[in-house]
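Numbering (the numbering used here), first residue to last: 1049 to 1585.
Yeah, the Cβ is synthetic: ideal placement off N, Cα and C, and Gly gets one too.
If you want it as structure tokens, here you go:
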């Protein structure tokens, strides 16, 4: 095919047609054509030549040019695309390094292979432009709901036409019982939009908790207006869900507003989610109260919250146990996701048995360590004492309120408790030194001898070792894997060390070692405060 013999306007007409079909800028198509023609010309003139093609946007005429750049003598490498100052003087007046010399060359005859190659280049460039356009158009729509039409299904994944692009609903983002046929209408949540070299760029979901939240936002005007806020959503897609809501207008019931007249609002969401049952829960900033609400419809007798461990014990009547746990643990699992707490459920009988066991263990502890008879040890436990530290270091007045305890007895109790604790501390330090712990760690403020021993047994034997620890390695924490919360035990967790305390101790160690400059911490803190104040303003 000879470029010169073709209708010069045909190139522009083709570019316009492709641009309309793909909904991209015609200029991008013309640029792709220019690049494809340049590649074809290089196959004729030589791949080392700098051949460029320019298509006139009005006439469609293609002009082929060869470009050569003036370089220093010692930098001359490509004799086809570069020349020295002396060589350039044959073609240019007063040439300087960096100048370019452009000369027109004859158009090329394109054979079948060259034409096919040019076509592939154009198609590739058009696809890239189309993907760029699609990304730019949808990148700001992540986190919203979109309506589309099913195009096809590939290996369980649904390809959805969303108007000016294609999106994918992966198998694990579909509600279990759902199946689709071509041309079915579908409503999804845009979970993510990311630039990819190939494949889909728009990722949809029907199982995301945010999808349910957005559906309620569409059905409940009070949520859209900000009068009611959705605080949390937990879903077992297609089966059951819990959603926590709060009203900022005391005259509006958040649960009633979400349910709607005769359940019309919530039913619209249920229908969209293939019959997924939805419990609408009033949110409360008091965690135990919120948890009691989250475990509905089960009745709760008592809750015991451990804020540092993010755990909560729930006591329910015997006849409410199966309801609180739910089928296959569904109810308690959703309540845990909703509240962000790890929940232990037990019956009143189990709670009574556990408390009795704790009472007996503490009684035995005081009998064995303080040389007390059973009755006196039980008195201590009944008054709320749980360990030797509390007996040893509590104010004397708190011991004097116990029946039969005078000042001399109270002082003797504290002396015995302190002697036992000192002996345990000495044994812990002796063991730590046997394991090779350095004195710098033993003397570090905030670590008890028992803590030092525990660190040594975990191969943390120096201040440097301690400074490299992460806060969760010391205080413990939680990791979420595939929606399931997994407990990470901390070395110092048994001693009640919180994450904040662990962070402070590690940072102090790093400052002592000279790894961190305190001035840098102060400047970072000032920047953070400034950012917060600016955001509030």
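| Query | Result |
| --- | --- |
| Reduced DSSP category for residue 1139 - H, G, I as helix; E, B as strand; rest coil | coil |
| For residue 1520 and residue 1547, the rounded distance between their alpha carbons | 7 Å |
| Nearest-angstrom beta carbon gap, residue 1193 and residue 1228 [assumed within contact, 8 Å] | Residue 1228 to residue 1193, Cβ: 17 Å. No contact. |
| N-terminal and C-terminal residue of the beta strand (DSSP E) that residue 1336 is part of | It is not in any beta strand (DSSP E) - residue 1336 instead sits in the alpha helix (DSSP H) that spans 1335 to 1342. |
| Proximity of residue 1214 and residue 1208 at Cβ, strictly below 8 Å | yes |
| Residue burial classification, residue 1284 (beta-carbon count within 10 angstroms, cutoff 16) | buried |
| Per-residue burial, residue 1349 [other beta carbons within 10 Å of its own, 16 or more giving buried] | exposed |
| One or two residues paired with residue 1195 in a DSSP bridge | 1235 |
| Inter-stretch contact (C-beta, 8 Å, three-pair minimum) for the stretch 1360 to 1369 and the stretch 1334 to 1350 | yes |
| DSSP state of residue 1215 mapped onto helix, strand, coil | strand |
| Length of the line joining the Cα atoms of residue 1561 and residue 1407 | 45 Å |
| Short Cβ contact (8 Å threshold) for residue 1383 with residue 1290 | yes |
| Alpha-carbon to alpha-carbon, residue 1223 and residue 1267 | 20 Å |
| Nearest residue (CA-CA) to residue 1554, options 1518, 1542 and 1535 | 1518 |
| Residue nearest to residue 1111 in terms of C-alpha spacing, selected from 1099, 1118 and 1121 | 1099 |
| Helix, strand or coil at residue 1631 [DSSP, three-state] | Outside the displayed range of the chain (1049 to 1585) lies residue 1631, so it cannot be described from this structure. |
| For residue 1263 and residue 1317, believed in contact at Cβ under 8 Å, the rounded distance | 5 Å |
| Per-residue DSSP class, three states only, for residue 1205 | strand |
| Cα-Cα separation, residue 1168 to residue 1245 | 16 Å |
| Residue 1052 versus residue 1138: straight-line alpha-carbon distance, rounded | With a pLDDT of only 42 at residue 1052, under 50, the local geometry of the prediction cannot be trusted, and the value read off the model is given with reservation. The alpha-carbon atoms of residue 1052 and residue 1138 are separated by roughly 30 Å. |
| Beta-carbon spacing of residue 1429, residue 1465 below 8 Å | no |
| Beta-carbon proximity of residue 1097 to residue 1129, cut-off 8 Å | yes |
| Nearest candidate by alpha-carbon position, reference residue 1257, set 1232, 1423, 1324 and 1123 | 1324 |
| Alpha-carbon to alpha-carbon, residue 1216 and residue 1248 | 6 Å |
| Residue 1540 classed as buried or exposed, judged by whether at least 16 other C-beta atoms fall within 10 angstroms | buried |
| Beta-carbon proximity of residue 1522 to residue 1500, cut-off 8 Å | no |
| Euclidean distance between Cα positions of residue 1082 and residue 1142 | 31 Å |
| Among 1319, 1368 and 1470, the one whose alpha carbon lies nearest that of residue 1496 | 1470 |
| Alpha-carbon spacing of residue 1235 relative to residue 1319, whole angstroms | 12 Å |
| Proximity winner among 1389, 1331 and 1067, relative to residue 1295 (alpha-carbon distances) | 1331 |
| Per-residue burial, residue 1085 [other beta carbons within 10 Å of its own, 16 or more giving buried] | buried |
| Buried or exposed (CB count within 10 angstroms, at least 16 for buried), residue 1302 | buried |
| Residue 1254 beta carbon less than 8 Å from that of residue 1197 | no |
| Residue environment, residue 1397, which counts as buried when at least 16 other CB atoms sit within 10 Å | exposed |
| Residue 1520 - DSSP class collapsed to helix/strand/coil | helix |
| Where residue 1156 sits in the DSSP three-state scheme | coil |
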